[in-house]
Every structure is written in C-alpha cells, then in structure tokens.
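J.: Okay, here's the structure, questions in a sec.
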Amino acid sequence: MESLKLGLTSLHNNRSILNHQLLNTLGMNQEDKGEQEMLIIPDATIADKAYAKDGEAYWQTASTMNSPLLEQSSNAIRIAEQKEKIAKSDLLPKVALVAAENFDGPILFELPPIDKNLNVWYVGVGVKYSLSSLFKSNKRIRQAAVETRQAKESHALQAEQLNNSVQAAYVQYQQTYVELETQRKSVELAQQNYEVMNARYLSQLALVTEMVDASNLKLNAELNEVDARINIVYAYYRMKYIAGEI
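Each residue of the sequence shown is one higher than the last, beginning at 111 in my numbering.
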C-alpha cells in the first residue's frame, strides 16, 4: 500500500512538472506576475480512441510532401542554383540597343552656311565584353557549382534520414499494438488468477497475503494495459510529427 501511495505521489509530481514546462513553452506561465499557475487538463479519453493504421507507404509519402526539413533543403538547392546562374551570366557579353534622333539647322559647317534643317536618326546595337570578367567569373562559377552540389547532397542525406526515421517510427507504432495485445492477455490471466484466489480465500483455503498478491498482480496488469494504450497514442503522434503533419 505504501508503494502505491509513493507511486501516486510521484505521478502527481511528474504531472506538475510537465504542466509547468508546457505553460512555459506556450508562454502562458503567469507565476512571475503573482498569479496562480494554470492547470492544463489532459484529455482522459485519448487512450480510448481509435487511431489510423495506414501503411508505411502513406507515411513515407506524407513525410516527403510535408517535412519542413526537406522543404528547407529544397529551398537551399534553388538558392544555390540561382547563384550559379548569376555567376555564369557574368561571362555573357552585355548587349544594348541604341536609338537616337537629332534635328539641327541651319547647316553651319558649309561655306557659305546653308539655311536648311537637317534631321538625323539612327539605330544601333552595342556589344560590350570584359576580358577581366573571364578570369574573375570562373572562380565564382566554380564556387557556386560546389555550393549547388553540396546543397543537393545535403538534401539527399536529409531525405535518407527522414526515410529511416519514418520507417523506424512506423515499426514502433505497429509494435505498440502487439504490446497492447500482450498486456490484454496478461490482464485476462491476472483476472482468472484473482478469481481463483478469491474463491479459495472465501473457502478459507488461501491466506490473506496470497489474496493481496493476486490483487496486486491484477492491478499491475491493468496499469500495464493502460500504459500500452498510452504508448499507442504517443507512437502515433510521434509518427505524425516526424512526417511533418503536426
């Protein structure tokens, strides 16, 4: 009994610690303002709900589409490729179109001057190429190409790690259901043992200590079953987190 009381005290303390940490994370802790700490009430029915059993392929696809880490590495590739294009553009000649019109009169460069107006217009194409950029740009292009390659390698590594994480999370999620079935069988056996021991105790064929042991065994089995149901919830939401859905 004292062990159960100690366990209950430990449970209340852990709940208080987690409640305090959640309030700090959410920015809702008002203790520094002299107010009483808010109590977050968890959903007591969450362990009784049914959770999806989609295949691993679904979660792999979801992670590819929703993972913020993959999106970040994809953006890094696009930025690196854009830098590489800008560096290569320095090697291209600068082309400019030129057009002008000039109206002048009288014509003074003739002797005697001619009292006439002169309208001149022209259109041209200007091409400019810097030989010095040929040497400077090559270095920038090589550096940009290296950054692009590194960004792609980083993206591939990130995708591989994500794939491994999703696969591991999925296997662990499936394992929680196996553990739940095992704990349910343990509860059944503990219940049967309790009923047998209770009948023997009522018939004065068992000691009170044996009855207490059977009761404790039944209680521990029931608690382990609840833990197994909670592990399903944890594994499910952990998998959703890894896949980028939350």
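Glycine is no exception: its CB is placed at the ideal position from the N, C-alpha and C atoms. Quantities reported herein were computed from a predicted structural model and do not represent experimental measurements.
(1) Is Glu194 closer than 8 Å to Ala261 when the C-beta atoms are compared?
(2) Using three-state DSSP, classify Glu211 as helix, strand or coil.
(3) Entirely within the segment 244-273 and at least 3 residues each: give me those beta strand (DSSP E) ranges in chain order.
(4) Excluding the 5 residues flanking Ile93 on each side, which residues of the same chain have their C-beta closer than 7 Å to its C-beta?
(5) With 16 other CB atoms within 10 Å as the buried threshold, where does Asn273 fall?
(6) Measuring straight from C-alpha to C-alpha, what distance separates Ser264 and Arg252?
(7) Tell me the DSSP secondary structure of Lys195 in three-state form.
(8) Output yes or no for whether 8 Å exceeds the beta carbon distance between Arg69 and Glu335.
(9) Nearest by alpha-carbon distance to Glu211: which of Gly165, His122, Val233 and Ala345 is it?
(10) What distance in whole Å lies between the Cβ atoms of Leu290 and Thr259, which are believed to be in contact at a cut-off of 8 Å?
(11) Under three-state DSSP, which class holds Ala338?
(12) Straight-line CA distance for Arg125 to Ala316?
(13) State the start and end residues of the unbroken alpha helix (DSSP H) segment that holds Gln170.
(14) For the alpha helix (DSSP H) that contains Asn134, what are its first and last residues?
(15) Could you tell me the alpha carbon to alpha carbon distance between Ala345 and Asn123, rounded to whole angstroms?
(16) So which of Val322, Tyr287 and Ile187 has the shortest CA-CA distance to Gln268?
T.: Let's see:
(1) Here residue 261 refers to the residue found at position 151 when the sequence shown is read from its first residue. Here residue 194 refers to the residue found at position 84 when the sequence shown is read from its first residue. The Cβ-Cβ distance between Ala261 and Glu194 does not fall below 8 Å.
(2) As a working mapping, residue 211 is identified with position 101 in the sequence shown. Glu211: strand per DSSP, three-state reduction.
(3) Along the segment 244-273, the beta strand (DSSP E) does not occur as any fully enclosed run of 3 or more residues.
(4) Given a span of 111 to 356 for the chain in the structure shown, any question on residue 93 remains unanswerable.
(5) Taking the sequence shown and counting its residues from 1, the one referred to as residue 273 is at position 163. That one is exposed.
(6) If you number the sequence shown from 1, residue 264 lands on position 154. If you number the sequence shown from 1, residue 252 lands on position 142. Roughly 18 Å between the two C-alpha positions.
(7) The residue you call residue 195 lines up with position 85 of the sequence shown. The three-state secondary structure of Lys195, taken from DSSP, is helix.
(8) Because residue 69 is not part of the residues shown, which for the chain are 111 to 356, the question remains open.
(9) Walking along the sequence shown from the start, residue 211 turns up at place 101. Nearest option by C-alpha distance: Val233.
(10) Locating residue 259 in the sequence shown gives position 149, where the first residue counts as 1. Locating residue 290 in the sequence shown gives position 180, where the first residue counts as 1. Checking the sequence shown, residue 259 turns out to be Arg, not Thr. Their Cβ separation, rounded to whole angstroms, is 47 Å, which puts Arg259 and Leu290 out of contact at 8 Å.
(11) Counting from 1 along the sequence shown, the entry for residue 338 is found at position 228. Looking at Ala338 - three-state DSSP - the assignment turns out to be helix.
(12) In the sequence shown, residue 125 corresponds to position 15, counting from 1. In the sequence shown, residue 316 corresponds to position 206, counting from 1. Roughly 39 Å between the two C-alpha positions.
(13) Numbered from its first residue, the sequence shown carries residue 170 at position 60. For Gln170, the uninterrupted alpha helix (DSSP H) segment begins and ends at Glu166 to Asn176.
(14) Residue mapping note: residue 134 aligns to position 24 of the sequence shown, counting from 1. Secondary structure note for Asn134: its alpha helix (DSSP H) is the uninterrupted segment Glu112 to Leu136.
(15) Here residue 345 refers to the residue found at position 235 when the sequence shown is read from its first residue. Here residue 123 refers to the residue found at position 13 when the sequence shown is read from its first residue. Roughly 24 Å between the two C-alpha positions.
(16) Start at 1 with the first residue of the sequence shown, and residue 268 comes out as number 158. Checked all of Val322, Tyr287 and Ile187; the closest Cα to Gln268 is Ile187.
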